[in-house]
Amino acid sequence: MPVLSAVRRQEPLGWGSCLVFLAALALAFTVSGTLLAVQGKPALQALWLLVESAFGSRYALEDCLIKAVPIFLCSLGVGLTFRLQVWNIGAEGQFALGAVGATWAALTFPSWPWYALLPFMLLCASAAGGLWGAIPAVLRLKLKANEIIVTLMLNYVGILILDFLVYGVWKDPASFGFPMTSEFVPAAVVARIGDTRLNWGLLLCLAVGVLMSVFLRSTRLGFELRACGENVRAARYARMPYAFLVVLVMVVSGALAGWAGFLEASATLGRLQPSIMSGYGYTAIVVAWLANLNPLVIAVASFLLAGVRVGMETLQLDLQVPAAFGGIMEGSILLAVLAGGFFSRYRLHLRRAA
Amino acid sequence: MSLEILLALLAATVQAGTPILYATLGEILTEKGGVLNLGVEGMMLVGALAGFLTALHTGSPALAFLTGGLAGAGMAALHGVVCIWFQGNQTVSGLALTIFGTGLAGFFGTPYVGRTAPGFDKFSLPVLGDIPLLGDIFFQQDALVYVSYLVPPLMWAFFRYTRWGLGVRAAGESPAATRAAGLNVLGFRWAALLGGGVLVGFGGSYLSLAYTHLWTNGLSSGRGWIAVALVIFAFWRPSRAMLGAYLFGGVMAFQLRLQAMGTALPSSILLMLPYVLTIAALAFSSWRSKRTEAPAALGVNVEPSE
Numbered sequence: 002m003p004v005l006s007a008v009r010r011q012e013p014l015g016w017g018s019c020l021v022f023l024a025a026l027a028l029a030f031t032v033s034g035t036l037l038a039v040q041g042k043p044a045l046q047a048l049w050l051l052v053e054s055a056f057g058s059r060y061a062l063e064d065c066l067i068k069a070v071p072i073f074l075c076s077l078g079v080g081l082t083f084r085l086q087v088w089n090i091g092a093e094g095q096f097a098l099g100a101v102g103a104t105w106a107a108l109t110f111p112s113w114p115w116y117a118l119l120p121f122m123l124l125c126a127s128a129a130g131g132l133w134g135a136i137p138a139v140l141r142l143k144l145k146a147n148e149i150i151v152t153l154m155l156n157y158v159g160i161l162i163l164d165f166l167v168y169g170v171w172k173d174p175a176s177f178g179f180p181m182t183s184e185f186v187p188a189a190v191v192a193r194i195g196d197t198r199l200n201w202g203l204l205l206c207l208a209v210g211v212l213m214s215v216f217l218r219s220t221r222l223g224f225e226l227r228a229c230g231e232n233v234r235a236a237r238y239a240r241m242p243y244a245f246l247v248v249l250v251m252v253v254s255g256a257l258a259g260w261a262g263f264l265e266a267s268a269t270l271g272r273l274q275p276s277i278m279s280g281y282g283y284t285a286i287v288v289a290w291l292a293n294l295n296p297l298v299i300a301v302a303s304f305l306l307a308g309v310r311v312g313m314e315t316l317q318l319d320l321q322v323p324a325a326f327g328g329i330m331e332g333s334i335l336l337a338v339l340a341g342g343f344f345s346r347y348r349l350h351l352r353r354a355a
Numbered sequence: 006m007s008l009e010i011l012l013a014l015l016a017a018t019v020q021a022g023t024p025i026l027y028a029t030l031g032e033i034l035t036e037k038g039g040v041l042n043l044g045v046e047g048m049m050l051v052g053a054l055a056g057f058l059t060a061l062h063t064g065s066p067a068l069a070f071l072t073g074g075l076a077g078a079g080m081a082a083l084h085g086v087v088c089i090w091f092q093g094n095q096t097v098s099g100l101a102l103t104i105f106g107t108g109l110a111g112f113f114g115t116p117y118v119g120r121t122a123p124g125f126d127k128f129s130l131p132v133l134g135d136i137p138l139l140g141d142i143f144f145q146q147d148a149l150v151y152v153s154y155l156v157p158p159l160m161w162a163f164f165r166y167t168r169w170g171l172g173v174r175a176a177g178e179s180p181a182a183t184r185a186a187g188l189n190v191l192g193f194r195w196a197a198l199l200g201g202g203v204l205v206g207f208g209g210s211y212l213s214l215a216y217t218h219l220w221t222n223g224l225s226s227g228r229g230w231i232a233v234a235l236v237i238f239a240f241w242r243p244s245r246a247m248l249g250a251y252l253f254g255g256v257m258a259f260q261l262r263l264q265a266m267g268t269a270l271p272s273s274i275l276l277m278l279p280y281v282l283t284i285a286a287l288a289f290s291s292w293r294s295k296r297t298e299a300p301a302a303l304g305v306n307v308e309p310s311e
């Protein structure tokens, strides 16, 4: 009887990896479509509608770019920690804290001119997000506490801090009891680019992306980061600053997620309210892994998964598909791609069993 | 605080701790076999929904509980396909499983939000329920709580005295040596993963069948992650899992009581308690533990054999 067995590949798969990736994507779409059909929705029509309403018009593309910004910033950060085999699952909480930090600055110094207030808001967002990233780093280094669980728990705590503020001390008395702060003064709002709906946060993304690529490729610290990620023990032996790197990536990662929170509060909502938490931090994990931690690919993947979110909004309105379907798509894409990675590393062959 | 209120609080502690206990025990079984499954939160949600829907449509809570367990095993099987068959990264696969499971439960559950289903009611166990104090706390609960008392000793005995238990531990400690001894490493890993999935699914269906009797989105609210943290707190021992689960049940019950009594503390601060306590418990147990306590090959995939 012939038996299927796996043999480790000697050479990289090259373009075949792209094929495997596309096949994984197709599998994920099949699974998602089947689930839609089970719910009695027209599956093919729905999937087509998702793609079309996400990428089919200028208005939709603008929406994708707007949603890609927070995903990109969070994903760049968590991707940086993944390189070091540090698992920051806490972008969601760091995002919340960043929004809180920026809002504090906007509400406390409303009389400042924009060129002082906006940078200060960014600074406060970095400090708050960075602090939220530093806690798990220190707990991991000092007490060996698992950073996956600590960052996750800090997500819940961070969102509750945000709730505590907008339901309490920061609640706008004129909001008819709705949990939201008062609207930011114009000086605290990141302006739009020209006559588009995009804001200057997009430019910030571009700058951060380029800086990150240069840092990883061309600096000593970037090299040490990659080396430590690949082999911690050897890197420690070579006296690379492992502990310093762990704190650094976590603080940078937290600050980047904090920036995303700042932009969402300032440019997208113009105030702080609980609806700011829409799971960008978790989508960022999916993006970072799909993009193989490469900053350029992260940009592309952020845009595509932002598209899933934009398309979902139409599906919700037109076909009453629950918003949770987005999670099904993200989860199944990631699972399928993870499994597909097998074919990049192994090849299958049939042989006769003895 | 009067004795009556204290006893009610402790009984509520046991109830609130039970879903966490099932999930923690499930993850202990899984991790003993060497597979790290971070999908617990998503698996609990799917288990909770499967249980709820079965109870709603068949009216049989017992069948519903079993369905919840099967759903948990089904989710675990997805993790197994990705990590055991296809050698995917266990950490990332678990995270993806949670995202997928949360989506799945929200997708199929949204039309049922706020509906109630038949579930398990409390009854006093004969004789044991009449014991003063202890009876009030432990033996005037629902049937699923009584079942949960049996699992830790059974699991302890399984690991300690049975060949299968030994096989699971071996697959988690040293896959190479296990294979050399002629045992089927992947078989034991699959068994531990699926068995753990059943227990996690039980934990989920406890939430919708006994803890609340109704469906809401995001019903598990982080309990799955608390269970993953408790595995470390418990040093992978079923008996300590019981201690940890009731500790967390206590905090949750206490926090609910305080809210119901109308304290001056805002509810968001009270809701933080379990999460902050998880971090504290994790930091404490990581600091106290010795390196040897986790299964040596936890999270390490077994290469396909030639």
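First to last, the protein sequences are chains A and B.
All residue numbers for the first sequence refer to my numbering, where the first residue is 2 and numbers rise by one.
All residue numbers for the second sequence refer to my numbering, where the first residue is 6 and numbers rise by one.
Here a beta-carbon is modelled for each residue, glycine too, at the ideal position from N, C-alpha and C.
DSSP state of residue i, grouped into three classes?
| i | result |
| --- | --- |
| B:HIS218 | coil |
| A:ASN200 | strand |
| A:ALA7 | strand |
| B:GLU311 | Any reading at B:GLU311 needs caution, since the residue's pLDDT is 45, under 50, leaving its predicted position unreliable; the model's value is listed next. Looking at B:GLU311 - three-state DSSP - the assignment turns out to be coil, as it is neither helix nor strand. |
| A:LEU351 | strand |
| B:THR121 | strand |
| A:ARG218 | helix |
| A:LEU81 | helix |
| A:ARG193 | strand |
| A:LYS145 | coil |
| B:ARG165 | helix |
| A:ASP173 | coil |
| B:PHE259 | helix |
| A:MET313 | helix |
| B:TRP95 | Inspection of the sequence shows that residue 95 of chain B is occupied by Gln rather than by Trp. Helix, per DSSP. |
| B:ILE136 | coil |
| B:GLU9 | helix |
| A:PRO323 | coil |
| A:VAL209 | helix |
| B:SER153 | helix |
| A:ILE90 | coil |
| A:ASN293 | coil |
With a threshold of 16 other CB atoms inside 10 Å of the CB of residue i, please say whether the residue is buried or exposed.
| i | result |
| --- | --- |
| A:ILE194 | exposed |
| B:MET266 | exposed |
| A:SER58 | exposed |
| A:GLY41 | exposed |
| B:GLU311 | Model confidence at B:GLU311 stands at a pLDDT of 45, short of 50, so the residue's coordinates are unreliable; what they give is reported in the following sentence. Exposed: under 16 other Cβ atoms inside 10 Å. |
| B:ASP379 | The displayed coordinates of chain B run from 6 to 311. Any statement about residue 379 of chain B would go beyond what the structure contains. |
| B:PRO66 | buried |
| B:ASP135 | exposed |
| B:HIS84 | buried |
| A:GLY328 | buried |
| A:PRO13 | exposed |
| A:TYR116 | exposed |
| A:TRP16 | exposed |
| B:GLY56 | buried |
| B:TYR166 | exposed |
Just confirm the distance between the C-beta atoms of residue i and residue j, as a whole number of angstroms; I'd bet it's less than 8 Å.
| i | j | result |
| --- | --- | --- |
| A:MET251 | A:THR82 | 6 Å |
| A:CYS125 | A:PHE96 | No, A:CYS125 and A:PHE96 are not in contact; Cβ-Cβ is about 14 Å, not under 8 Å. |
| B:GLY44 | B:GLY106 | 6 Å |
| A:GLY94 | A:ILE160 | 7 Å |
| B:LEU224 | B:LEU212 | 5 Å |
Please find out if some non-hydrogen atom of the ligand COA comes closer than 7 Å to the beta-carbon of residue i.
| i | result |
| --- | --- |
| B:GLN145 | The ligand COA is not part of the structure shown, which contains no ligands of any sort. |
When you check each C-beta in the region 252–284 of chain B against every C-beta of chain A, which residues fall closer than 8 Å?
Cβ contacts with chain A: PRO271, SER273, ILE274, LEU276, MET277, TYR280, VAL281, THR283 and ILE284.
When you check each C-beta in the region 163–175 of chain A against every C-beta of chain B, which residues fall closer than 8 Å?
The residues in question are ASP164, PHE165, TYR168 and GLY169.
Note down, in chain order, all residues in the region 313–325 of chain A with a beta-carbon under 9 Å from any beta-carbon belonging to chain B.
Answer set for the region 313–325 of chain A: VAL322, PRO323, ALA324 and ALA325.
Can you give me, in chain order, the residues of the region 83–115 of chain A that have a beta carbon less than 8 Å from any beta carbon in chain B?
Residues passing the 8 Å Cβ filter: TRP88 and ILE90.
Could you list the residues in the region 41–53 of chain A with a C-beta less than 9 Å from some C-beta on chain B, going in chain order?
For chain B, none of the residues of the region 41–53 of chain A brings a beta carbon within less than 9 Å of one of its beta carbons.
Report the residues of the region 123–135 of chain A with a CB closer than 7 Å to any CB of chain B, ordered along the chain.
Taking a C-beta cut-off of 7 Å against chain B, none of the residues of the region 123–135 of chain A qualify.
Does the region 194–205 of chain B come into contact with the region 76–87 of chain B, if we say contact requires no fewer than three beta-carbon pairs (one atom in each stretch) closer than 8 Å?
By the Cβ test, the region 194–205 of chain B is in contact with the region 76–87 of chain B, since at least three Cβ pairs between them sit closer than 8 Å.
Would you check if the region 254–261 of chain A and the region 126–145 of chain A touch, i.e. whether three or more CB-CB distances between them fall below 8 Å?
Touching, yes, given that three or more Cβ pairs across the two stretches are closer than 8 Å.
By the 9 Å beta-carbon criterion, what residues does the region 220–252 of chain A contribute toward chain B?
Under the 9 Å Cβ criterion, the region 220–252 of chain A contributes no residue.
Please list, in chain order, the residues of the region 219–234 of chain B that have any C-beta partner in chain A closer than 9 Å.
Near chain A, meaning a CB-to-CB distance below 9 Å, the residues of the region 219–234 of chain B are ASN222, SER226, GLY227, TRP230, ILE231, VAL233 and ALA234.
Quick check: the region 225–241 of chain B against the region 146–160 of chain A, are there 3 or more CB pairs under 8 Å?
Touching, per the Cβ criterion.
Can you find at least 3 beta carbon pairs, one from the region 181–189 of chain A and one from the region 99–111 of chain A, that sit closer than 8 Å?
They touch, by the three-pair rule.
Would the region 46–58 of chain A and the region 297–315 of chain A be scored as touching if the rule is three or more Cβ pairs under 8 Å?
Contact between the region 46–58 of chain A and the region 297–315 of chain A is present: 3 or more CB-CB pairs across the two stretches fall below 8 Å.
Any residues in the region 16–36 of chain A with a beta carbon nearer than 8 Å to a beta carbon of chain B? Which ones, in chain order?
Those residues of the region 16–36 of chain A that come within reach of chain B (Cβ to Cβ, closer than 8 Å) are LEU36.
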